[in-house]
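Novice:
Residue numbers (UniProt numbering): 1 to 166.
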């Protein structure tokens with residue numbers, strides 16, 4: 001039986017459906033039928049503009065961010081697809097803090113829905129630091145169908161592992 005490390009928290013019936021697709025070698029076809037497009041956001045500058053547009057639409061009163069970038073160092077071995085960080089630096093007599101959003105580089109080649117889901121997730125951390133009910137409610141507000149996209153992203157990561165694209 002195939003171990004589905006990204007789907008372990010989901011009900012056994014869903015895991016069995018994914019295993020069935022794997023056994024019939026149809027997981028890639030399922031994903032490409034469901035998510036056929038690729039996004040055009042390929043540079044850090046474009047990612048910054050993309051994140052800023054989402055923030056302006058949904059989180060006008062949230063703290064702003066200073067940097068958004070694709071990060072080659074973020075990967076699945078560190079269990080991070082995106083990060084939000086606050087970096088504090090001393091400048092003279094003042095303490096300045098800058099907020100950064102980092103998105104794993106694997107999303108350069110992913111479906112636009114997956115990129116949107118990750119950016120929404122990281123933006124939601126500007127208002128809610130913990131993964132609690134309010135956090136997921138905010139994610140669902142910014143991206144209707146967020147939970148389904150999160151599941152499908154986990155299926156996509158499973159497919160990538162099967163293809164040897166870690």
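We treat Cβ as the ideally placed atom computed from N, Cα and C, and that holds for glycine.
Since the model is a prediction, treat every value here as computed from it, not as a measurement.
(1) On a Cα-Cα basis, can you pick out the residue from 126, 19, 88 and 155 that is closest to residue 54?
(2) For residue 91, is the classification buried or exposed, using 16 other Cβ atoms within 10 angstroms of its Cβ as the cut-off for buried?
(3) What distance in whole Å lies between the Cβ atoms of residue 47 and residue 68, which are believed to be in contact at a cut-off of 8 Å?
(4) For residue 163, which residues of its own chain have a beta-carbon under 8 Å away from its beta-carbon, when the five flanking residues on both sides are left out?
(5) So residue 115 and residue 41 are in contact, right, with Cβ under 8 Å, and what is the actual spacing, rounded?
(6) Does the count of Cβ pairs from the stretch 137-147 and the stretch 117-126 closer than 8 Å reach three?
(7) In terms of alpha-carbon separation, which member of 157, 49, 38 and 13 lies closest to residue 112?
(8) I'd like to know whether the C-beta atoms of residue 146 and residue 31 end up nearer to each other than 7 Å.
(9) For residue 127, which of helix, strand or coil comes out of DSSP?
(10) CA-CA distance, residue 142 and residue 58?
(11) Please classify residue 152 as buried or exposed, where buried requires at least 16 neighbouring CB atoms within 10 angstroms.
(12) Mind checking residue 154: buried by the 16 CB within 10 Å criterion, or exposed?
(13) Tell whether a beta-carbon distance below 7 Å holds between residue 83 and residue 51.
(14) According to the Cβ coordinates, are residue 86 and residue 99 closer than 7 Å?
(15) Assuming residue 161 contacts residue 105 under a Cβ cut-off of 8 Å, what Cβ separation, rounded to an integer in Å, is found between them?
(16) When you compare only the Cα positions, how much space is there between residue 128 and residue 25?
(17) Just how far apart, CA to CA, sit residue 20 and residue 66?
Specialist: Quick answer:
(1) For residue 54, the nearest C-alpha among the options comes from 126.
(2) Here residue 91 is exposed: its Cβ has fewer than 16 other Cβ atoms, across all protein chains shown, within 10 Å.
(3) With 8 Å as the limit, residue 68 and residue 47 qualify as a contact, their Cβ atoms being about 5 Å apart.
(4) 28
(5) 6 Å
(6) Three or more Cβ pairs closer than 8 Å define a contact, and the stretch 137-147 meets that threshold against the stretch 117-126.
(7) 38
(8) no
(9) coil
(10) 6 Å
(11) buried
(12) buried
(13) no
(14) yes
(15) Incorrect: roughly 16 Å between the Cβ atoms, too far for contact.
(16) 40 Å
(17) 44 Å
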